[in-house]
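Under our numbering, the first residue of the sequence shown is numbered -11, with each subsequent residue one higher. Idealized CB from N, CA, C, for every residue including glycine. Okay, so here's the structure we're looking at.
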Amino acid sequence: MRRFAAWLGLSDARADDEGGVPSWHGVSTRARRLCGAAWLLVAVATFALLRWLMPLDDGLAGTAPVVIAVLLGALGLAWTERALVSAPRS
């Protein structure tokens, strides 16, 4: 599983080799959990709102709210991670 995550670019294995900043570098565990919980709440609220407002037959078999909520949560979490990360000190 770790090799697959590294292949997708989801692990920190190559960050030091390429001069990049590792994921969540310098961010406390508490802040990571709060960000994850906040974006999960936003994604769930988005799903509930879209499910309530959109018709069930949206041409995508009712999957549009799920897709939009997952994309919003993932992009928001990635944006927050990059905004909070601090550069490694040499």
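Nearest to threonine 51 (by Cα), restricted to the options Phe35, Ala25, Ala66: Measuring from the Cα of threonine 51, the nearest candidate turns out to be Phe35.
Alpha-carbon spacing of arginine 21 relative to proline 10, whole angstroms: Cα-Cα distance, rounded: 17 Å.
Three-state secondary structure (DSSP) of valine 95: Since the first residue shown for the chain is -11 and the last is 78, residue 95 is missing from the structure and cannot be characterised.
Three-state class that DSSP yields for leucine 48 in the structure shown: Of the three classes helix, strand and coil, the one that applies to leucine 48 here is coil, per DSSP.
Alpha carbon of leucine 38 to alpha carbon of leucine 28, nearest angstrom: When rounded, the distance between both Cα atoms is 15 Å.
8 Å Cβ cutoff met for glycine 24 and valine 73: Their beta carbons are not under 8 Å apart, which means glycine 24 does not touch valine 73 by this criterion.
Helix, strand or coil at tryptophan 12 according to DSSP, with G and I counted as helix: Coil at tryptophan 12, not helix or strand.
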